[in-house]
Amino acid sequence: MGIASNSLAQLRLNEGGNAELAVKFISLPEENIFLHFNTNVLFTGERFFYSLYCLDREENNPSNLSQVAYVELISENGISIVKQKVQLDGGRGYGDFFISEKQLTGSYKLLAYTNWMKNFGVESFFETDVIIVNPYQEVPEKYRKLDKDSISDVVPNTNNTSKKTEPKSTPSKITLKLDNQVVGKRKKVALGIQTKDSSLVNGSYSLSISKRSELFPNDNKPVKEYLGNNGDTEDSIERQGFFFASNMTSNEIFYLPELRGELISGRVVNSNTDLPIPERTIALSIPGEDYLLKTATTNDQGLFFINVDEKYENSTAIIDNVTGDWSDSKLLLDDKKISYDKLDFMPFKLNIGMAETIRRRSVQNQIANAYAYLRLDNVLNPYVRTPFYREMERTFYLDDFTRFKTLRETFVEIINQVGIRRTPSGKRVFQVFTDLAREKSGLRPMLFVDGVFISEHESFMDYDARKIKEISFSKGLYRLGSISFDGILTVTTIDGDFAETFYSGNQLKIELNIPERNKDYFKQNYHKEDIQDWTHIPDFRRQLLWIPLMQLGKVEPIEFYTSNIEGVYDITLRGFTKTGELISSTTTLMVK
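In terms of the UniProt record's numbering, the sequence shown has 220 at position 220, counting the first letter as 1, and numbering is strictly consecutive.
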């Protein structure tokens, strides 16, 4: 019987040569993360946007070490409310998430880190405070004040966010210049970005234009969120000495950097003795129309590592025990929880004088969400990859033929180039007919059903053929690790739900955290040429513009439109030059 859980790439230092491996990794540079985000104060029903910079700790240059980063929103009781996986390109990535109406009013922590950074403790993570207000549920007593307190009593102390030294920013090198500082509702605004240093053109930046919080107008903290001593040698040595000490106990975990993409790791051990099982080949398939297949073989300690560097959009993965089954073994996916006990959550208070402001904002959010289907982001298609197999030689759409209940009848009557034979042990396997010499070799074809790799053909033999949409096959030799196959056989079911309903003793299901998809964020346009007539459609956008990845090469002003919400909007440009210099420039816009 197998046991599965979510995993991160880890090594136990007392196993085999892993301590030596850990020593080799000590020489790798440490990393820092800087997060530029749109606001610290959110209502349920609103979105949080962030742009992520993964940097070499010493030089502040983009890190080419980690290819994956993680962003988490943590509640005061230590529960992870949101956890997102961000694939990095040159140290850069971005994402967003929606604040559900289930979230309670309270103080939260936003963390960002890489797997490599976990070796240096939570104190090395990017960390900032986030306030969430849920106007549809009673405010917990700890966040309430019954009287109308002075503003100093209710505004959170935003100076306690960072315990580390922030990098030096040089806002004077970039000037944000608006064509009008005060504009009306639904008006076009042009934002010019002027640079005094040509070296800034080669940097990477992000731009946010968002409504300033009415509750806590001082919530926007320029660069206090950036954690890290930026090359503090003494601190680096101290932390390495603690986490990479030679006398670490057997329970200590060493986290591998995700150098080539997401790492899924674990061990295969004997079900009865927990002893490691070496030389066991396993295959991980992520089903779907554009499915993935990854393989690994366990080492002497039963450890395996699977690298997933492609994007995928199915959270269910299947691990197939190719050279055995799970009756005598179990799968242990590494999953050492991060302790959030030492996080210091920021106190704040809401008073009765804020009631009207909260009510008005919640009504605006409800209306905005009712029309959100008209302001959708464009999700970019990441699936441009060559399949590991050659093009299928033939495809048979079974609705074009007389249907049969069994696979044997289907192959005999329709697909005579594929058959079923018995192995010496009496099990049934499929066979793609090729030349006589290979047929005598006894090699099986690789079998995929809705993208799920199945090594034990017998488990699929009695599947109802009337549920199958199409069958394809390809001839030729293929290798899966050290195992050879003669041909590929792919089956697509009508409902496409094979991974959800199928069970085999050779397979285990695990759940993956899908990486964030790249998006082209919605940009409001009130041009007459716009195909959508916006005249009678409410506009209660608080985020007027969000550009998570940008460079400063273009001279043309950036145009955007205001919404129907009056008040002050913060325009913030942040990023890093090619030489690792933090750039932060801000200005404000008044809508009235």
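The beta carbon of each residue, even a glycine, is placed where N, CA and C say it ideally should be.
Segments of 3+ residues assigned as beta strand (DSSP E) that fall wholly inside the segment 415–460: Listed in chain order, they are 418–422, 428–432, 446–449 and 452–454.
Give the straight-line distance between the Cα atoms of isoleucine 209 and isoleucine 468, rounded to the nearest whole angstrom. Straight-line Cα distance between these residues: approximately 51 Å.
Inter-residue Cα distance where the pair is aspartate 533 and serine 563: Approximately 15 Å, taken between the alpha carbons.
Mind checking asparagine 201: buried by the 16 CB within 10 Å criterion, or exposed? Sequence check: residue 201 is valine here, not asparagine. If you draw a 10 Å sphere on the C-beta of valine 201, you find fewer than 16 other C-beta atoms in it, and that means exposed.
Whose C-beta lies closer than 6 Å to the C-beta of isoleucine 81 among residues of the same chain, with five residues either side of it excluded? The beta carbon of isoleucine 81 is closer than 6 Å to those of Leu73 and Ser75 in its chain, skipping five residues each way along the sequence.
Tryptophan 116, DSSP secondary structure in three states: Note: tryptophan 116 maps to helix in three-state DSSP.
Please report the straight-line C-alpha distance between leucine 582 and isoleucine 547, rounded to a whole angstrom. Going from the Cα of leucine 582 to the Cα of isoleucine 547 covers about 18 Å.
If you draw a straight line from the C-alpha of glycine 106 to the C-alpha of isoleucine 131, how long is it? Taking the straight line joining both Cα atoms gives about 6 Å.
Helix, strand or coil, according to DSSP, for lysine 311 in the structure here? Reduced to three states, the DSSP call for lysine 311 is coil.
Residue range of the alpha helix (DSSP H) that includes glutamate 141: Boundaries cannot be given for glutamate 141, as no alpha helix (DSSP H) includes it and DSSP labels it neither H nor E.
In whole angstroms, what separates the C-alpha of valine 155 from that of glycine 353? In this prediction, valine 155 has a pLDDT of 46, which is less than 50 and means its spatial position is unreliable; nothing more can be read from the coordinates.
Quick one: measure Cβ to Cβ for arginine 92 and leucine 35, integer angstroms, because I've assumed they're closer than 8 Å. By a beta-carbon distance limit of 8 Å, arginine 92 does not contact leucine 35. Their separation comes to about 12 Å.
Taking 8 Å as the cut-off, does the segment 318–327 touch the segment 523–532 (at least 3 CB pairs, one atom from each stretch)? Using a C-beta cut-off of 8 Å, the segment 523–532 makes no contact with the segment 318–327, since fewer than three inter-stretch Cβ pairs fall below that distance.
Pairwise C-alpha distance: serine 482 and phenylalanine 126: Straight-line Cα distance between these residues: approximately 42 Å.
Three or more beta-carbon pairs under 8 Å between the segment 360–372 and the segment 489–508, yes or no? No, the segment 360–372 is not in contact with the segment 489–508.
Near valine 182, which residues of its chain fall below 7 Å by C-beta distance, leaving aside the five closest residues on each side in sequence? When the five nearest sequence neighbours on each side are left out, the beta carbons in the same chain lying within less than 7 Å of the beta carbon of valine 182 are those of Met590 and Lys592, in order along the chain.
From Leu42, Glu516 and Ala370, pick the residue whose C-alpha is nearest to that of glycine 95; which is it? Out of Leu42, Glu516 and Ala370, the CA that lies nearest to the CA of glycine 95 is found in Glu516.
Mind checking who lysine 83 pairs with in its DSSP beta bridge? Its beta-bridge partners are Glu72.
Which listed residue (Phe433, Tyr561 and Thr281) has its alpha carbon closest to that of valine 412: For the residues Phe433, Tyr561 and Thr281, the minimum Cα distance to valine 412 belongs to Phe433.
Ignore the nearest five residues each way along the sequence and tell me which others in arginine 47's own chain have a CB closer than 6 Å to its CB. Asp96 and Phe98, listed in sequence order.
Whole-angstrom distance between arginine 267 and leucine 275, CA atom to CA atom: Each residue's Cα considered, the two are about 10 Å apart.
Burial state of arginine 422 (16 or more Cβ within 10 Å): Around the beta carbon of arginine 422, fewer than 16 other beta carbons lie within 10 angstroms, which makes this residue exposed.
Hey, phenylalanine 49 and valine 133 are a contact pair by Cβ (cut 8 Å); roughly how many whole angstroms apart? A Cβ-Cβ separation of about 18 Å leaves phenylalanine 49 out of contact with valine 133 under the 8 Å criterion.
On the criterion of 16 or more Cβ atoms from any shown chain inside 10 Å, does residue 598 qualify as buried, or is it exposed? In the structure as shown, the chain begins at 1 and stops at 592. Residue 598 is therefore absent and cannot be evaluated.
Which word fits tyrosine 561, buried or exposed, when buried means at least 16 other C-beta atoms lie within 10 angstroms of its C-beta? Classification of tyrosine 561: buried, given that the 10 Å Cβ count is 16 or more.
Does DSSP classify lysine 102 as helix, strand or coil? Assignment of lysine 102 by DSSP, reduced to helix, strand and coil, places it in the coil class.
At the level of alpha carbons, what is the spacing between serine 27 and arginine 57? Serine 27 and arginine 57: Cα-Cα distance of roughly 13 Å.
Starting from the C-beta of residue 593, find all residues in its chain whose C-beta is less than 6 Å away, skip the five residues before and the five after it, and write them out in chain order. The requested residue 593 is not part of the displayed model; the chain covers only 1 to 592.
Only counting the same chain, and skipping five residues up and downstream in sequence, which positions put a Cβ closer than 6 Å to that of threonine 572? Closer than 6 Å at Cβ, skipping near neighbours: Ser208 and Thr586.
Would you mind stating whether arginine 444 and phenylalanine 502 have Cβ atoms separated by less than 8 Å? Arginine 444 is not a Cβ neighbour of phenylalanine 502, given a cutoff of 8 Å.
Using a Cβ-Cβ cut-off of 8 Å (strictly less than) and excluding sequence neighbours within five positions of threonine 233, which residues of its own chain qualify? Low confidence applies here, because threonine 233 scores a pLDDT of 32, under 50, leaving its location unreliable and the question unanswered by this model.
Are the CB atoms of tyrosine 70 and glutamine 87 within a distance shorter than 8 Å? Between glutamine 87 and tyrosine 70, the C-beta spacing is not below 8 Å.
Is it buried or exposed for glycine 553, if we count other Cβ within 10 angstroms and need 16 for buried? Sixteen is the threshold: since fewer than 16 other Cβ atoms of the shown chains lie within 10 Å of the Cβ of glycine 553, the residue is exposed.
What's the C-alpha gap between aspartate 290 and aspartate 344? Using only the alpha carbons, I get a separation of about 44 Å.
Per DSSP, alanine 190 forms a beta bridge with which residues? Beta-bridge pairing links alanine 190 to Glu559.
Rounded to a whole number of angstroms, what is the C-alpha to C-alpha distance between glycine 184 and threonine 588? C-alpha of glycine 184 to C-alpha of threonine 588: approximately 14 Å in a straight line.
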